[in-house]
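Residue numbers (the working numbering): 5 to 964.
Where a beta carbon is used, it is the ideal one built from N, C-alpha and C, also for glycine.
Every value quoted in this text rests on a predicted model; they were computed, and no experiment measured them.
Take a look at the structure set out below.
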């Protein structure tokens, strides 16, 4: 039997297996693109947030340091005069420019980062610590005392000044303590005030020899008169009048100016009794100041002022060297302002982050539901849960990680300033959440292999014990956060700690503040979980009577809405959190705007204020009435030094026309009153001859007034004088008798706690002359008002006064970030609503197709979908509005908007002047938008399903 041969192909290839990731991406490219866009947008917003906060906080810190005078912000180091125990040559060498410059370079190495000195603005040199008397008769002597001079040999005079006349001073040869004559320059202000000209010679006392002659060779103008080079020692730039303490009525005053010597001339100061000393003024570099390093910056300042840095400076210069600066106080003031703003921004950040996280979870849930049958089949065919999770993680990462990288790049381009590490960490967190949402959902859903999925509506799925415990935990956290916020406020202990001066207290970021910032979000979460538990009950109750009505649309829509899926908790959570955050944020922004408007109105008393020193020109009120936008002009006669009673205290007294002033007080809501309560009696006249009341302030006595003038008074004045008549001495010397008939805390004419308002008709001719005008109107033209008023009048508009309160980039930047965060949260809420409707779209389309085969018309189909979506949208809208209102009402006692609303260069007003209140627009507009979007999408879905027809929806085998 022959042998059977079997031939095999040696080059046979193994079977081709399609890669999982490529196959899945090709099968659903639209879903992959949507996920990539969602991750890209979320990463871009998340990575931009910390950089935007860094940008406005750093800008605010630099503005705070720039607004403070260099005298406060510069670190001033000084060494005492050279020791008398050294030889004369050694003492002279210490003061020479090379030695002083070398010590300056050594000191710069001692300064610890992040405190960085700006070499272009810093200065060093030698000056006399005692002013020297100049006996020249031609120098001005206000009270007979001779002028005194400070001799200064400072570096960089040519670089920081412009030569106006003559030339800069020089030092020929080697200057010693016995040099008989020097050259100097003076600034233009010094030359003008002290009558100094080029070529003038000023003598100052010398020790045991003839006076030192100083010839003025040039007059210079500072390039930057407010810069650190000139403003750290203002006497270099501007002479001052010095008042000596005196017992008599006539004060003793003399001029104090500065003569600017060449640096090489410093040793000659040893020959004077001026006690010359070296100094080094270090101006901080604004570019190196960052808010994130505020504690380290304060620590570096403390070390240089009274710590290891000062010891090193003393080792380099002199054992008795000293350092002083007010820069730490400037930083503490800034930290106090920041501590009041940070928690408010954190509220918007946490709210938007919560809504964005919910949307990402919903996107993962939508993908898991769409692929439920596929994943169940894989599990039934033996795929392990771990293998399935790994596959889904890799599939999602291929899309999410590149999208996150693009989002991070977009954030870096959109906000090029800020710390990179924070942006990278936030982008990584978003990418990790995006990669984990689908695998986690699949892990939870497909832990057990099922042949058929169970129902997941609220009628069959009851809340578990774990869910109850989680909800109770959130309730406890929300209650603790609300209690903490109400008890200690948004700035709590941070503001006080910031002002304590301790460098460790300048960082106002604690876990307590984060919990407080989460309070609105936690309130929204609790409301969402509570509504999800309760809202199916009234719908089921309504479905029973609806079933007795004609037609099945109403009953069917209510029945389906009452058996909604348990997954409704996520979109409802997103909507309630977004609406609560939007309501809280809108109330914050509205409160800030209202506080600024109110403060500007309190400052001016009307929409505009025109005031002059003395009496107003006669035709000015008529000219201003014709200006564009002016509706009414109210004249005032104001005296700020009226003396009521027999004491020495003074109050502000305003004479007004009762009718017009009552209308103004009523329209501005500043102490409204009836005009008749202030009208003067017919026999009320000031004491003194009416004809003499206008004479140079004389106060000739005459008969007292027959009846006292009715007066409107502040509570403090009313408490002091009661309702009995009392005399008031006016600024022109005349007397009036007034009786307080109206008490108001506020009034448009004057501000403060001590004021009186009376009828102008009861004043004399001089006292009744208008000195100010209050203007009301809309869109007044500032240029036209100033042109009509003239250059002598001070014209202030309410809009300009309001803009003055936005002093720091910290405030304006926080407002912009807050508004963007609220807008982003609202956008994500709309996206959550869209995802919820898209998730239910296949089931609704199939339902409409089946019902159309039973005779359902297109209009009935539209009504069915709209009525089915309406209860959930109405629940979210009403619940969101109520939750937002409750959050504002609960948290308002602990929220102070003063820091973000009313901080001014001169300091912020007392805490509590800008309180949080509910804003109706912020409560109602987002809720109405939710209703419109939900019903609009449902109607559009019904219209689109009607166009597609029923055949495709009724094909057998489709998973619905």
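Collapsing the DSSP output to three states places residue 643 in a strand.
Residue 683 and residue 903 have their C-alpha atoms roughly 42 Å apart.
Separation of residue 832 and residue 582 (C-alpha to C-alpha, rounded to the nearest whole angstrom) is 8 Å.
Boundaries around residue 92 are those of the alpha helix (DSSP H), 92 to 99, since no beta strand (DSSP E) includes it. In the three-state reduction of the DSSP assignment, residue 187 falls in the strand class. Residue burial annotation: residue 843 is buried, with at least 16 other C-beta atoms found within 10 angstroms of its C-beta.
The bridge partners DSSP lists for residue 527 come to none. Straight-line measurement puts the Cα of residue 128 at about 8 Å from the Cα of residue 105. Nearest neighbour of residue 155 by Cα position, chosen from 268, 202 and 895, turns out to be 268.
Residue 320 sits in a helix when the DSSP states are folded into three classes.
Within the same chain, and ignoring the five residues on either side of residue 796 in sequence, the residues whose Cβ sits closer than 7 Å to its Cβ are 616.
Residue 53 sits in a helix when the DSSP states are folded into three classes.
DSSP places residue 669 inside the alpha helix (DSSP H), whose first and last residues are 662 to 672. If you compare the alpha carbons of 619, 41 and 765 with that of residue 434, the shortest gap goes to 41. Taking residue 86 as the centre and dropping the five residues before and after it, the same chain places the C-beta of 95 and 98 closer than 6 Å to its C-beta, in chain order. The alpha-carbon of residue 471 is positioned some 60 Å away from that of residue 79.
Looking at the DSSP output, residue 832 shares a beta bridge with no other residue.
Residue 421 is classed as exposed because its beta carbon has fewer than 16 other beta carbons within 10 Å across all chains shown.
The criterion of a C-beta distance shorter than 9 Å is not satisfied by residue 928 and residue 591. If you check the CB distance, residue 775 and residue 633 do not come in under 9 Å. Shortest Cα-Cα distance from residue 677 to any of 714, 757, 353 and 317 involves 714. Under the three-state reduction of DSSP output, residue 256 falls in the strand class. Distance from the CA atom of residue 597 to the CA atom of residue 610, rounded to whole angstroms, is 17 Å. Under DSSP, no beta-bridge partner is assigned to residue 725. Residue 759 sits in a strand when the DSSP states are folded into three classes. Counting only runs of 4+ residues, the alpha helix (DSSP H) found wholly inside the stretch 567 to 629 occupies 573 to 608 and 624 to 629, in chain order. Secondary structure note for residue 902: its alpha helix (DSSP H) is the uninterrupted segment 902 to 906.
For residue 347, no beta strand (DSSP E) run applies; the uninterrupted alpha helix (DSSP H) run containing it begins and ends at 331 to 374, by DSSP.
Take residue 210, set aside five residues on each side of it, and the residues of its chain with a beta-carbon closer than 6 Å to its own are 216, 275 and 276, in chain order.
Between the alpha carbons of residue 113 and residue 307 lies a distance of about 14 Å. The Cβ atoms of residue 65 and residue 348 do not sit closer than 9 Å to each other.
Under the three-state reduction of DSSP output, residue 636 falls in the strand class. Residue 478 has its alpha-carbon roughly 21 Å from the corresponding atom of residue 898. Per DSSP, the beta-bridge partners of residue 154 are 262. With a beta-carbon spacing of about 18 Å, residue 295 and residue 122 fall beyond the 8 Å limit used to define contacts. Taking every protein chain shown into account, the CB of residue 600 has 16 or more other CB atoms within 10 angstroms, so this residue is buried.
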